[in-house]
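S.K.: Sending over a structure as structure tokens; questions will come in a sec.
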Amino acid sequence: MSDTVKRDDVVPLRQATRAWFLVSLQTFGGPAGQIAVMQRMLVDERRWIGQQRFLFALSYCTLLPGPEAQQLATYVGWLLNGVRGALVAGVLFVLPGLVAMLVLSAVYVTYGDTAVLDGLFLGLGPAVLAIVVQAVLRIARRSMTHPVLVALAVSSFVALAFFAVPFPYVLVVAAVVGWTARRALATSSASAPPDDGPPPLVPDEALHADRPSSRRTAAVLGIGLVLWMAPVALAAMVLGGGSTVVDQGVFFGGTAVISFGGAYAVLAFVAQRAVDVYGWLSPGEMVRGLALAETTPGPLVMVVQFVAFLGAYRDPGALSPWAAAVVASLVVTWVTFVPSFVFILLGAPYVERLRGHRGLTAALTGITAAVVGVIASLALYFAVHTLFDGTTAVTAGWLSFDVPRPSTVRWDAVAMAALGFGLAFAARWSVLRTLAVCAVLGLTVGVVRSF
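Number 161 in our numbering belongs to position 137 of the sequence shown; there are no gaps in the numbering.
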């Protein structure tokens with residue numbers, strides 16, 4: 025089969041699929057690391073989409089409930105190859121994490137913590153820091169075109185990192201400030217220097233677009249709702265309405281459509297309900313599940329698969345423990361991510377049609393600036409909890425943040441992080457190459473420690 029561009033394809037679908045597969049193998053480090061990978065591969069290296077178009081899509085995705093990085097991949101896939109591209113990009117973004125989490129959940133249930141797994145996490149976790157910092161610097165350099173935007177980015181970072189301001193509040197304020205300063209931002213955008221390197225290979229006007237219509241909206245919404253609810257309905261028919269699989273499908277399906285506030289905000293809610301209300305796992309196991317999600321490819325919300333696996337394994341109902349665990353993992357993953365596809369396929373045509381609206385563009389530009397602060401705050405959170413084993417919570421008035429305890433510094437993680445920074449910044453290695461080297465070294469350390 026040739027790579028001939030078909031209708032709605034601005035990049036050959038086979039070529040785009042290969043690119044999305046490579047992206048999916050490098051989606052470590054939560055949304056910050058995942059956005060960094062897409063920024064580097066799609067904007068910087070392949071130049072399939074321009075910087076401002078990429079940031080516009082990112083701004084829209086941050087407004088939606090659910091994993092914004094996976095939604096961003098779905099959105100960009102839609103721009104490049106229509107609905108087929110959206111499905112390919114969105115599914116591949118999740119698939120490696122699904123497989124990895126399924127395997128690691130089975131290993132955990134069978135053996136518990138192992139030195140080899142700890143070694144793998146030691147290699148990947150700190151190395152991700154370099155990728156995240158690289159993303160912050162690149163996006164900031166290209167999007168901070170006005171002092172207002174710089175102030176928004178810094179304010180967002182401080183609000184999230186040190187005052188625990190809810191994420192939706194930050195976005196709302198950023199959008200209002202951007203809209204208020206729309207004239208100044210339009211002037212600065214017009215006089216801003218062009219992106220580094222050559223222009224994107226695919227001009228904005230050539231990217232995919234669908235005409236919004238009530239018929240299309242009804243079709244996407246109807247098909248999406250049926251697909252979203254079908255596995256849970258089937259499980260209820262086969263296993264009974266009170267089974268663990270059905271309870272998990274209903275709970276996580278509902279959580280997927282109200283998960284505003286970023287991954288950590290929704291995972292705090294999931295942890296409280298899964299541990300204290302349903303008793304699917306212990307608090308310590310919830311922490312271990314989050315650690316697994318942070319050091320495997322895919323969105324952080326993949327931790328729900330770990331929760332489902334353990335809960336169904338321990339209360340399998342009519343199924344065997346292993347069958348119940350696998351079925352629950354797949355059902356929960358399905359109901360968690362299907363809404364994200366619906367949100368993009370439903371809303372993207374309308375958002376694209378309004379892309380030239382000065383007020384909306386300015387509001388989304390403000391949100392983009394806030395996202396720089398959001399990624400920076402996630403990088404700080406990730407650094408503190410990766411490089412140190414213990415922290416002290418500081419709460420004084422409106423202040424709320426964790427201070428690492430120097431006595432708990434993990435020197436092996438610091439060394440691995442330094443290696444990651446050296447490979448990414450000094451040697452200018454690719455993300456995949458950097459992660460591979462650090463993973464091998466971490467595994468080596470884990471094997472040596474096991475003897």
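C-beta atoms are modelled at their ideal positions from N, C-alpha and C, and glycine is treated no differently.
Count the other CB atoms, across all protein chains shown, that sit within 10 Å of the CB of F330; report buried if there are 16 or more and exposed otherwise.
M.R.: In the sequence shown, residue 330 corresponds to position 306, counting from 1. Counting Cβ neighbours within 10 Å, F330 comes out buried, since at least 16 surround it.
S.K.: Would DSSP call T415 helix, strand or coil?
M.R.: The residue you call residue 415 lines up with position 391 of the sequence shown. Three-state DSSP puts T415 in a strand.
S.K.: Could you name the residues that DSSP lists as bridge partners for D426?
M.R.: If you number the sequence shown from 1, residue 426 lands on position 402. A417, per the DSSP bridge assignment.
S.K.: So is S364 buried or exposed if we call it buried at 16+ other beta carbons inside 10 Å?
M.R.: Locating residue 364 in the sequence shown gives position 340, where the first residue counts as 1. By the 16-neighbour rule on beta-carbons within 10 angstroms, S364 is buried.
S.K.: CB-CB under 6 Å to F45, same chain, minus the five flanking residues each way: which ones, in chain order?
M.R.: On the sequence shown, residue 45 is found 21 positions in, with the first residue counted as 1. Closer than 6 Å at Cβ, skipping near neighbours: L116.
S.K.: Where R70 and L225 are concerned, what is the direct C-alpha to C-alpha distance, given to the nearest angstrom?
M.R.: By 1-based counting over the sequence shown, the position of residue 70 is 46. By 1-based counting over the sequence shown, the position of residue 225 is 201. Answer to the nearest angstrom: the Cα atoms are 8 Å apart.
S.K.: Curious, which full-length alpha helix (DSSP H) runs of at least 4 residues does the region 201 to 287 contain?
M.R.: 206 to 215, 238 to 263, 268 to 280
S.K.: May I ask you to verify whether the region 365 to 376 touches the region 389 to 407, counting CB pairs closer than 8 Å and requiring at least 3?
M.R.: no
S.K.: Who are the near neighbours of P340 in its chain, counting only those whose CB is closer than 6 Å to its CB and skipping five residues on each side?
M.R.: As a position in the sequence shown, residue 340 is number 316, starting the count at 1. So the qualifying residues of the chain are A348.
S.K.: So S431 is in the alpha helix (DSSP H); what residue range does that whole segment cover?
M.R.: Indexing the sequence shown from 1 puts residue 431 at position 407. Looking at the DSSP string, S431 is not in any alpha helix (DSSP H), and its letter there is neither H nor E.
S.K.: Where does the unbroken alpha helix (DSSP H) through P373 begin, and where does it stop?
M.R.: Position 349 of the sequence shown holds residue 373. 345 to 377 is the span of the alpha helix (DSSP H), which, as asked, contains P373.
S.K.: Could you give the distance in angstroms between the alpha-carbon of R379 and the alpha-carbon of A439?
M.R.: Here residue 379 is taken as the residue at index 355 of the sequence shown, counted from 1. Here residue 439 is taken as the residue at index 415 of the sequence shown, counted from 1. Taking the straight line joining both Cα atoms gives about 45 Å.
S.K.: Excluding the 5 residues flanking F80 on each side, which residues of the same chain have their C-beta closer than 7 Å to its C-beta?
M.R.: Against the sequence shown, residue 80 aligns to sequence position 56. Taken in chain order, the residues that qualify are R379, L388.
S.K.: Here's the rule I'm using: 16 or more other beta-carbon atoms within 10 Å means buried, otherwise exposed. How should S353 be labelled?
M.R.: The sequence position of residue 353 within the sequence shown is 329, counting from 1. By the Cβ-count criterion, S353 is buried, with 16 or more other Cβ atoms from all chains shown falling within 10 Å of its own Cβ.
S.K.: For A208, which residues from the same chain have a beta carbon less than 7 Å from its beta carbon, with the 5 sequence-adjacent residues on both sides left out?
M.R.: As a working note, residue 208 is residue 184 in the sequence shown. Excluding positions up to five away in sequence, the list reads H170, V172.
S.K.: On the DSSP letters alone, give me the boundaries of the alpha helix (DSSP H) that S167 sits inside.
M.R.: Within the sequence shown, the letter at position 143 stands for residue 167. Start and end: 139 to 167.
S.K.: Taking the C-alpha atoms as reference points, what is the distance between W304 and V396?
M.R.: The residue you call residue 304 lines up with position 280 of the sequence shown. The residue you call residue 396 lines up with position 372 of the sequence shown. Taking the straight line from one Cα to the other gives about 36 Å.
S.K.: I need the DSSP call for R42, collapsed to helix, strand or coil.
M.R.: In the sequence shown, the residue the question calls residue 42 occupies position 18. Note: R42 maps to helix in three-state DSSP.
S.K.: Where does Q58 fall in DSSP's three states?
M.R.: For the purposes of this step, residue 58 is taken as residue 34 along the sequence shown, with counting starting at 1. Shown here, Q58 sits in a helix according to DSSP, grouped into three states.
S.K.: Out of curiosity, what's the CA-to-CA distance linking A205 and R77?
M.R.: Counted from its first residue, the sequence shown places residue 205 at position 181. Counted from its first residue, the sequence shown places residue 77 at position 53. Near 20 Å, if we compare the C-alpha coordinates of R77 and A205.
S.K.: Tell me which same chain residues have a C-beta within less than 6 Å of the C-beta of N105, skipping the five on either side of it?
M.R.: In the sequence shown, the residue the question calls residue 105 occupies position 81. Hits under 6 Å: D33, L37, A40.
S.K.: Residues in the same chain with beta-carbon distance under 6 Å from W203, minus the five sequence neighbours each way, listed in chain order, please.
M.R.: The sequence position of residue 203 within the sequence shown is 179, counting from 1. Within the same chain, W203 has close Cβ partners G383, A386, A387.
S.K.: Determine the contact status of G147 and G446, defining contact as a CB-CB distance below 8 Å.
M.R.: One-based indexing of the sequence shown puts residue 147 at position 123. One-based indexing of the sequence shown puts residue 446 at position 422. No, these two residues do not count as a Cβ contact at 8 Å.
S.K.: Short of 8 Å in beta carbon distance, which residues of its chain neighbour P55, apart from the five on each side in sequence? Order them along the chain.
M.R.: Within the sequence shown, the letter at position 31 stands for residue 55. Excluding sequence neighbours, P55 sits near P91, E92, A93, G286, A287, P323, L324, I399, L402.
S.K.: Could you have a look at S306 and say whether DSSP puts it in helix, strand or coil?
M.R.: For this step, residue 306 is matched to residue 282 along the sequence shown. DSSP, reduced to helix, strand and coil, places S306 outside both helices and strands of the structure shown, so it counts as coil.
S.K.: Work out the CA separation of E309 and V178 for me, nearest whole Å.
M.R.: Along the sequence shown, read from residue 1 onward, the residue named residue 178 stands at position 154. Along the sequence shown, read from residue 1 onward, the residue named residue 309 stands at position 285. Near 35 Å, if we compare the C-alpha coordinates of E309 and V178.
S.K.: With a Cβ-Cβ cutoff of 8 Å, do V362 and W435 count as a contact?
M.R.: Indexing the sequence shown from 1 puts residue 362 at position 338. Indexing the sequence shown from 1 puts residue 435 at position 411. Cβ atoms of V362 and W435: not closer than 8 Å.
S.K.: Tell me which residues share the same chain as A259 and place their Cβ nearer than 8 Å to its Cβ, disregarding the 5 neighbours each side in the sequence.
M.R.: As a first step, residue 259 must be located in the sequence shown, where it is residue number 235. When the five nearest sequence neighbours on each side are left out, the beta carbons in the same chain lying within less than 8 Å of the beta carbon of A259 are those of S267, V269, V270, G273, V351, V355, in order along the chain.
S.K.: Taking the alpha carbon of A450 as the point to measure from, which residue in F186, S180, Q158, L66 has its own alpha carbon closest?
M.R.: For the purposes of this step, residue 450 is identified with residue 426 of the sequence shown, where counting begins at 1. Answer by Cα proximity: Q158.
S.K.: For the pair the region 160 to 168 and the region 452 to 465, tell me if three or more CB-CB distances fall below 8 Å.
M.R.: no
S.K.: Is the separation between the beta-carbon of L404 and that of A441 shorter than 8 Å?
M.R.: Residue mapping note: residue 404 aligns to position 380 of the sequence shown, counting from 1. Residue mapping note: residue 441 aligns to position 417 of the sequence shown, counting from 1. Taking 8 Å as the Cβ cut-off, L404 and A441 do not qualify as a contacting pair.
S.K.: If you follow the alpha helix (DSSP H) that W453 is in, where does it begin and where does it stop?
M.R.: Against the sequence shown, residue 453 aligns to sequence position 429. Per DSSP, W453 belongs to no alpha helix (DSSP H) and is neither H nor E.
S.K.: Taking the alpha carbon of Y374 as the reference point, which residue from G74, A233, P223 has its own alpha carbon closest?
M.R.: Against the sequence shown, residue 374 aligns to sequence position 350. Among G74, A233, P223, the Cα nearest to that of Y374 belongs to A233.
S.K.: Taking the alpha-carbon positions, what's the Q95 to T416 distance?
M.R.: Position 71 of the sequence shown, counting from 1, holds the residue named residue 95. Position 392 of the sequence shown, counting from 1, holds the residue named residue 416. Rounded to the nearest angstrom, the two C-alpha atoms are 34 Å apart.
S.K.: Indicate whether A183 and S424 have their beta-carbon atoms separated by less than 8 Å.
M.R.: Position 159 of the sequence shown, counted from the start, is the residue given in the question as residue 183. Position 400 of the sequence shown, counted from the start, is the residue given in the question as residue 424. Contact check for A183 against S424 fails: the beta carbons are separated by 8 Å or more.
S.K.: Does R473 pass the burial test, meaning 16 or more other C-beta atoms within 10 Å, or should it be called exposed?
M.R.: One-based indexing of the sequence shown puts residue 473 at position 449. Its Cβ having fewer than 16 others within 10 Å, R473 is exposed.
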